[in-house]
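Protein sequence lines correspond, in order, to chains A and B. According to this note's numbering, the first sequence is numbered sequentially starting from 923. According to this note's numbering, the second sequence is numbered sequentially starting from 336. For every residue, glycine included, the Cβ atom is placed at its ideal position computed from N, Cα and C.
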Amino acid sequence: DIVMTQTPLSSPVTLGQPASISCRSSQSLVYSDGNTYLSWLQQRPGQPPRLLIYKVSNRFSGVPDRFSGSGAGTDFTLKISRVEAEDVGVYYCMQATQFPWTFGQGTKVEIK
Amino acid sequence: EVQLVESGGGSVQPGGSLRLSCAASGFTFSYYNMYWVRQAPGKGLEWISYINGKNTATFYADSVKGRFTISRDNAKNSLYLQMNSLRAEDTAVYYCARDLSGCYSIDHWGQGTPVTVSS
């Protein structure tokens, strides 16, 4: 199975300041079709997860443009350009290149 | 509007069985691959099963293989998860989720149904 490792596991941030989360996979996430199936999800307290980014850098419908994804191969990053109060929650990376799909441990974003 | 509504969760003793259901609406159900993902209390997300839109292919996480069975009824717009030989470690909220078509991701999630396995 592909192991997904996120850092940091906790990220206290000041409102209006940027935040960055890293995700590293134990093997390349490039699929045989040339695409990289790495997604980022947000889970607010008491809510189901919500898709933010798919295929590394594609923002899902309705996701604010302060969220961006980047990376390639085994190293990926989610950036929030200016953190807002509604961004509090746990963020997960997820690989869908190979079954079983696997998630990172989650990174808790909270306001300082 | 896409809606996924899970039901069937509850409390069961170790070794028991439960059948979860997910009622889908707001989209052409048969066109989409579907998933079950679970989250143990205070823990992260765990993908557990996949079924394709045509009901011809399934995949399972090793943790549930041989005990859980995913199925669907496209005529009823419903997804199911039959869970047998339940263990304490299966205690979790179980989410029904829809594939982001052609992009290998999950674009819609249900609210989840809780399952507790305890004696």
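Point to revise | C-alpha distance - ALA392(B) paired with ARG407(B), whole-angstrom precision | key: Within the second sequence, numbered from 1, the residue matching residue 392(B) stands at position 57. Within the second sequence, numbered from 1, the residue matching residue 407(B) stands at position 72. ALA392(B) and ARG407(B) have their C-alpha atoms some 11 Å from each other.
Review point. GLU1032(A) by DSSP, collapsed to three states: which one?
Key: Locating residue 1032(A) in the first sequence gives position 110, where the first residue counts as 1. In the structure shown, GLU1032(A) sits in a strand (DSSP, three-state: E or B).
Practice item. Assuming ILE1033(A) contacts LEU937(A) (C-beta within less than 8 Å), just tell me the rounded distance between them. Key: Numbered from its first residue, the first sequence carries residue 1033(A) at position 111. Numbered from its first residue, the first sequence carries residue 937(A) at position 15. At roughly 6 Å, the Cβ-Cβ gap stays under 8 Å, so ILE1033(A) and LEU937(A) are in contact.
Exercise for review: Could you have a look at LYS389(B) and say whether DSSP puts it in helix, strand or coil?
Suggested key: Mapped onto the second sequence, residue 389(B) falls at position 54. The answer is coil: DSSP assigns LYS389(B) none of H, G, I, E or B.
Review point. Cβ atoms of GLN1027(A) and TYR959(A): under 8 Å apart, would you say?
Key: Reading the first sequence from its first residue, position 37 is the one you call residue 959(A). Reading the first sequence from its first residue, position 105 is the one you call residue 1027(A). Going by C-beta atoms, TYR959(A) is not nearer than 8 Å to GLN1027(A).
Exercise for review: Using a Cβ cut-off of 7 Å, pull out every chain A residue sitting near GLY447(B), in sequence order please.
Suggested key: Residue numbering aside, residue 447(B) sits at position 112 when the second sequence is read from its first letter. Those within 7 Å of GLY447(B) in chain A are PRO970.
**Study point:** DSSP beta-bridge partners of ILE405(B)
**Key:** Numbered from 1 along the second sequence, position 70 holds the residue referred to as residue 405(B). BP columns for ILE405(B) point to LEU416(B).
Review point. Which value, in whole angstroms, describes the spacing of the CA atoms of ILE943(A) and SER954(A)?
Key: As a working note, residue 943(A) is residue 21 in the first sequence. As a working note, residue 954(A) is residue 32 in the first sequence. The alpha-carbon atoms of ILE943(A) and SER954(A) are separated by roughly 27 Å.
Check your understanding: If you check the beta carbons only, do GLY447(B) and GLU341(B) fall under 8 Å apart?
Key -> By one-based count along the second sequence, residue 447(B) stands at place 112. By one-based count along the second sequence, residue 341(B) stands at place 6. Yes; because the gap between Cβ atoms is below 8 Å, this pair is in contact.
Check your understanding: Going along the chain, which residues of its own chain have a beta-carbon closer than 6 Å to the beta-carbon of GLN949(A), five neighbours each way excluded?
Key -> Mapped onto the first sequence, residue 949(A) falls at position 27. The beta carbon of GLN949(A) sits closer than 6 Å to the beta carbons of ILE924 from its chain, once the five residues preceding and following it are set aside; these are given in chain order.
Practice item. Under 6 Å Cβ to Cβ from ARG373(B), same chain only, skipping five residues before and after it: list those, please. Key: Along the second sequence, read from residue 1 onward, the residue named residue 373(B) stands at position 38. So the qualifying residues of the chain are GLU381, ILE383, ALA427, TYR429.
Point to revise | At least 3 beta-carbon pairs within less than 8 Å: the region 341-356 of chain B vs the region 967-987 of chain A | key: The region 341-356 of chain B vs the region 967-987 of chain A: no contact.
Exercise for review: Quick one: list the residues of chain B neighbouring PHE989(A), beta-carbon separation under 8 Å, in chain order.
Suggested key: In the first sequence, counting from the first residue as 1, residue 989(A) sits at position 67. In chain order: nothing, as chain B lies at least about 15 Å away.
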